[in-house]
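Peer 1: Residue numbers for the sequence shown follow the numbering used here, beginning at 16 and rising by one.
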Amino acid sequence: MNLQLWILVAVFISVSGLTFGLGMWVTGSRVLGKRFDHLGSHTEPSTGAIEPVAQWRARIARMATPLARLSAPKEGWENSNLRVRFMHAGLRGTGWPTAFFASKTLLALVLPGLCWLFARTDMSPVNQRSVMLTYLCLAALGYYLPNLILSMTVNSRQRELREALPDAIDLMTVCVEAGLALDAALQRAGDEMHLRSAALADELNLMTIELRIGSTRAMALQNLALRTGVDDIETFVTTLLQSEHFGTNVAQSLRVLAETMRDHRRLRAEETAAKIPLKLLFPLIFFIFPSLFLVLLGPAMISVFKNLLPTLGGG
Numbered sequence: 016m017n018l019q020l021w022i023l024v025a026v027f028i029s030v031s032g033l034t035f036g037l038g039m040w041v042t043g044s045r046v047l048g049k050r051f052d053h054l055g056s057h058t059e060p061s062t063g064a065i066e067p068v069a070q071w072r073a074r075i076a077r078m079a080t081p082l083a084r085l086s087a088p089k090e091g092w093e094n095s096n097l098r099v100r101f102m103h104a105g106l107r108g109t110g111w112p113t114a115f116f117a118s119k120t121l122l123a124l125v126l127p128g129l130c131w132l133f134a135r136t137d138m139s140p141v142n143q144r145s146v147m148l149t150y151l152c153l154a155a156l157g158y159y160l161p162n163l164i165l166s167m168t169v170n171s172r173q174r175e176l177r178e179a180l181p182d183a184i185d186l187m188t189v190c191v192e193a194g195l196a197l198d199a200a201l202q203r204a205g206d207e208m209h210l211r212s213a214a215l216a217d218e219l220n221l222m223t224i225e226l227r228i229g230s231t232r233a234m235a236l237q238n239l240a241l242r243t244g245v246d247d248i249e250t251f252v253t254t255l256l257q258s259e260h261f262g263t264n265v266a267q268s269l270r271v272l273a274e275t276m277r278d279h280r281r282l283r284a285e286e287t288a289a290k291i292p293l294k295l296l297f298p299l300i301f302f303i304f305p306s307l308f309l310v311l312l313g314p315a316m317i318s319v320f321k322n323l324l325p326t327l328g329g330g
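1. Closer than 7 Å by C-beta to residue 188: which residues in its own chain qualify, once you throw out the five before and the five after it? Chain order, please.
2. Going by C-alpha distance, which of 216, 158, 253 is nearest residue 233?
3. Counting C-beta neighbours from all protein chains within 10 Å, is the total for residue 110 16 or more, i.e. buried, or is it exposed?
4. Would you say residue 203 and residue 215 are within 8 Å of each other, going by their C-beta atoms?
5. DSSP three-state label for residue 193, please.
6. Please report the straight-line C-alpha distance between residue 167 and residue 161, rounded to a whole angstrom.
7. Locate the alpha helix (DSSP H) running through residue 287, then write down its first and last residues.
8. Using the beta-carbon count (16 or more within 10 Å), is residue 286 buried or exposed?
9. Have a look at 238, 124, 174 and flag the residue whose alpha-carbon is nearest the alpha-carbon of residue 284.
10. Give the range of the alpha helix (DSSP H) segment to which residue 209 is assigned.
11. At what residue ranges does the stretch 108-138 contain a whole run of the alpha helix (DSSP H), taking only runs of 4 or more?
12. I'd like the span of the alpha helix (DSSP H) that includes residue 315, first residue to last.
13. Let me know if residue 180 comes out buried or exposed under the rule of 16 or more other beta-carbons within 10 Å of its beta-carbon.
14. Using the beta-carbon count (16 or more within 10 Å), is residue 260 buried or exposed?
15. State the start and end residues of the unbroken alpha helix (DSSP H) segment that holds residue 233.
16. Count the other CB atoms within 10 Å of the CB of residue 191; is the residue buried (16 or more) or exposed (fewer)?
17. When you compare only the Cα positions, how much space is there between residue 297 and residue 235?
18. Decide if residue 245 is buried, meaning its Cβ has at least 16 other Cβ atoms within 10 Å, or exposed.
19. Which same chain residues, not among the five before or five after residue 104, have their C-beta less than 8 Å away from its C-beta?
20. Find out if the Cβ-Cβ distance for the pair residue 205, residue 219 is shorter than 8 Å.
21. Residue 124: which of 25, 184, 295 sits nearest, CA to CA?
22. From which residue to which residue does the alpha helix (DSSP H) around residue 251 run?
23. Look up residue 104 in the DSSP assignment and say whether it is helix, strand or coil.
24. What is the DSSP secondary structure of residue 224, counted as helix, strand or coil?
25. Measuring alpha carbon to alpha carbon, tell me which of 319, 101, 308 ends up nearest residue 112.
26. Quick one: using the 10 Å Cβ neighbour count with 16 as the cut-off for buried, is residue 212 buried or exposed?
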């Protein structure tokens, strides 16, 4: 009974920590938006609401560090593909890797513990092997679930960037044709793209901040392509660098690139629409058609069993 009580306490702490972490993440994004608003209006940002959030995040990171050490690689992961995927997902905070590895350890322990706590089975030799296999599968699921969530986050963010990029290029084309320099056009596009795509607006704002602090345009554009990992953005960066290198018309290059990317976006939409009938086939066969047959043929079969079969049997 003591062991079950400890497991219940561990489950409660893990669920509470997960809920609290999600709340802090949502609150932190709102606070970050307020700071950008203050910077845009050239006023002194209020740090009263930011300091408690930062303190709570630091405290949660310190608490999760022992769990994270159990799943984190010993060395070299900062230069691995996993670190790049964190950048692609937009998770730039120092506490995200700690939370990621801590969640892997916690889920690998909590899911088998929950199964052991609520399962009511006899421990015969055959059943014991199946139960142990279930525990191992749940532990593997809990260990790799954060990787799956990270991959889904990366794919969702890259899709948003890919879909919003042609609109941003159109806005840059209008700004360049109106007489703005390329750096000013990039900054203007970053300011105006918040309504269309907050992720693309943040990436463009980060690039303009790099340009302000003295980084070269080529380095800032290459960092933009590295942070996003989107092929269309790499094409956009290559187009700007080649236009600057060869001295071609930037507005004309951007206009042609925007038209090409809009064509690609339309083709992707048509491809997705063409896959819809195939994706609907399996739900129709396994879920909708059986229910339809039951509704249509059910009353007839009941009448056959009630009237026809007793008559044929001489009853």
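Ideal Cβ placement from N, Cα and C applies to all residues, glycine included.
Only a predicted model underlies this, so the values are computations on that prediction, with no experimental measurement involved.
Peer 2: Well, looking at it:
1. Spatial neighbours of residue 188 in its own chain (CB-CB distance under 7 Å, excluding positions within 5 residues in sequence) are listed in chain order as 266, 269, 270, 273.
2. Taking only the C-alpha atoms, the option nearest residue 233 is 253.
3. Buried: at least 16 other Cβ atoms inside 10 Å.
4. Not in contact: residue 203 and residue 215 (Cβ atoms no closer than 8 Å).
5. Three-state DSSP puts residue 193 in coil, outside helix and strand.
6. Across the structure, residue 167 and residue 161 are spaced so that their CA atoms are roughly 10 Å apart.
7. DSSP places residue 287 inside the alpha helix (DSSP H), whose first and last residues are 265-289.
8. Looking at its Cβ environment, which holds fewer than 16 other Cβ atoms inside 10 Å, residue 286 is exposed.
9. Nearest option by C-alpha distance: 174.
10. No residue range can be given for residue 209, since it is assigned to no alpha helix (DSSP H) and is classified by DSSP as neither H nor E.
11. Runs found: 111-133.
12. Looking at the DSSP string, the run of the alpha helix (DSSP H) that includes residue 315 is 304-318.
13. Residue 180 should be labelled buried.
14. With fewer than 16 Cβ atoms within 10 Å of its Cβ, residue 260 is classed as exposed.
15. Boundaries of the alpha helix (DSSP H) around residue 233: 232-243.
16. In the assembly as shown, residue 191 is a buried residue. Its beta-carbon has 16 or more other beta-carbons within 10 Å.
17. Computed Cα separation, rounded: 47 Å.
18. The residue is buried, with at least 16 neighbouring Cβ atoms inside 10 Å.
19. 165, 168, 169, 172.
20. Yes, Cβ-Cβ distance for residue 205 and residue 219 is below 8 Å.
21. Comparing Cα-Cα distances from residue 124 to each of 25, 184, 295, the minimum goes to 25.
22. Counting along the chain, the alpha helix (DSSP H) containing residue 251 begins and ends at 246-261.
23. Looking at residue 104 - three-state DSSP - the assignment turns out to be coil, as it is neither helix nor strand.
24. Secondary structure of residue 224 (DSSP, three-state): helix.
25. Distance from the Cα of residue 112 is smallest, within the candidate group 319, 101, 308, for 101.
26. That one is buried.
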